[in-house]
Amino acid sequence: MPELPEVESVRRCLEPRVRGALITEAQFLDPRSLPGDCPAKARAWVTGKTIEGLNRLGKYLVFHLAGGHYMVVHLRMTGRLYTMDTAESAGLVKLAAVFRLDNGTTLCFQDTRRFGTIYLGSDELFHSIGGLQRLGPDPTASDWDHRAWAAQLQKRRAPVKSLLLNQQLLAGLGNIYADESLFCAGIHPRRPGSSLTDADLRRLASCIRSILLDAIEHEGTTIRDFRNGYNQTGSFQGRLQVYRRTDQPCRHCGKPVEKLKLAGRSSHFCPACQKELPPW
DNA sequence: GAGAGCCTGGCG
DNA sequence: CGCCAGGCTCTC
3 MPELPEVESV RRCLEPRVRG ALITEAQFLD PRSLPGDCPA KARAWVTGKT IEGLNRLGKY
63 LVFHLAGGHY MVVHLRMTGR LYTMDTAESA GLVKLAAVFR LDNGTTLCFQ DTRRFGTIYL
123 GSDELFHSIG GLQRLGPDPT ASDWDHRAWA AQLQKRRAPV KSLLLNQQLL AGLGNIYADE
183 SLFCAGIHPR RPGSSLTDAD LRRLASCIRS ILLDAIEHEG TTIRDFRNGY NQTGSFQGRL
243 QVYRRTDQPC RHCGKPVEKL KLAGRSSHFC PACQKELPPW
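If you number the first sequence the way the working numbering does, the last residue is 282 and the count never jumps.
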């Protein structure tokens, strides 16, 4: 569910409400969200620690805790992380974890499909979490070296859509924004990375950046499950051009949007605006 | 590369 | 009932 803009929206909501706060009480209600840790041990570990800051690395949220400790959260498909006033939080059901803070805030972690994960530890976490240690560059960073990224893609024969989903090459795109970026750049999702010209990749890099930044401004896309750090929906769903618009007219040329399966995921594209023809 | 698996719930 | 879903990992 959450891709870079959704995770960033969560981070921006939460950061001012958790920074500087002490965790006075924690409950881990679903052991599956704690790979390698047990709930009792995790509870004792986080209780009494102060949250010094909240960063984002790709789709990971990183809580910086006093003493060089970290709590890293990945929301996967249906995870929600939001705050509410502790007074309002009584009787909440189906939470995977709850944290009470000394500033009167309660931080809730909810996850219908239970793929989401919470990792606790020190510096070694960044090596032990497989997806975190080899994370590619962040396309929303002002110093993103898109030319180096483009050169990597041109070395691969895999479909460009699969390459966009590979977090080792670029951190933050998921199925929605990969499809939207390819439409914006006029590139068919099945084109091999090695077939992309420098001009294609300059266009694609520019589309990725502008779409992600625009989606952050709109607090992300809510198809069904996504909620920001205030437990509210985003609004970028109204601006989608192809994602989940199969058989509906392309907003640019009117031809019906098509769908194909790539890397086990649906890919939505306009057959006229995103041609897959020789010379590829 | 592709496919299965991890889970739950909504939809046709 | 079967299919599908915003992510990621692991096996063939």
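We treat Cβ as the ideally placed atom computed from N, Cα and C, and that holds for glycine.
- Selection H220, D140, Y245 and A160 evaluated against R58 yields D140 as nearest (Cα-Cα).
- Counting only residues of its own chain and dropping the five nearest sequence neighbours on each side, L165 has a CB closer than 7 Å to the CB of L155, R158, L171 and G195.
- When DSSP states are grouped into helix, strand and coil, S212 belongs to the helix group.
- It is roughly 25 Å from the alpha-carbon of S268 to the alpha-carbon of R136.
- Ranked by Cα distance from I53, the options V9, F128, M73 and R211 are led by M73.
- When DSSP states are grouped into helix, strand and coil, Y62 belongs to the strand group.
- Apart from the 5 residues on each side of it in sequence, N233 sits with its Cβ closer than 6 Å to the Cβ of Y84 in its chain, given in chain order.
- Here H71 is not near Y62, since their CB atoms are 8 Å or more apart.
- For the pair G236 and T223, the CB atoms are nearer than the 8 Å cut-off.
- The continuous beta strand (DSSP E) containing S269 extends over residues R267 to F271.
- Restricting attention to alpha helix (DSSP H) runs no shorter than 4 residues, the segment 97–142 encloses them at 127–130 and 132–135, ordered along the chain.
- One Cα belongs to R247, the other to T49, and the distance between them is close to 46 Å.
- DSSP lists V64 as the bridge partner or partners of N57.
- For Y179, the enclosing alpha helix (DSSP H) begins and ends at N177 to A187.
- When C-alpha distances from L6 are compared across G55, A173, V162 and R102, the shortest belongs to A173.
- Within the segment 213–262, there are no complete alpha helix (DSSP H) runs of at least 4 residues.
- Under the DSSP assignment, A28 falls in the beta strand (DSSP E) whose first and last residues are I25 to F30.
- Relative to D39, the option among L122, Q243, C209 and A152 whose CA is nearest is L122.
- Secondary structure of P194 (DSSP, three-state): strand.
- In this structure, S183 lies near I213, with their beta-carbon atoms less than 8 Å apart.
- Between G256 and D113, the alpha-carbon positions lie close to 38 Å from each other.
- E221 counts as buried, since no fewer than 16 other beta carbons sit within 10 angstroms of its beta carbon.
- With a cutoff of 8 Å on beta-carbon distance, A89 and S35 are scored as not near each other.
- Ranked by Cα distance from A28, the options C15, A42 and R21 are led by A42.
- The Cβ atoms of D181 and I189 do not sit closer than 8 Å to each other.
- For T199, the three-state secondary structure derived from DSSP is coil.
- In the DSSP assignment, the residues bridged to T85 are L109.
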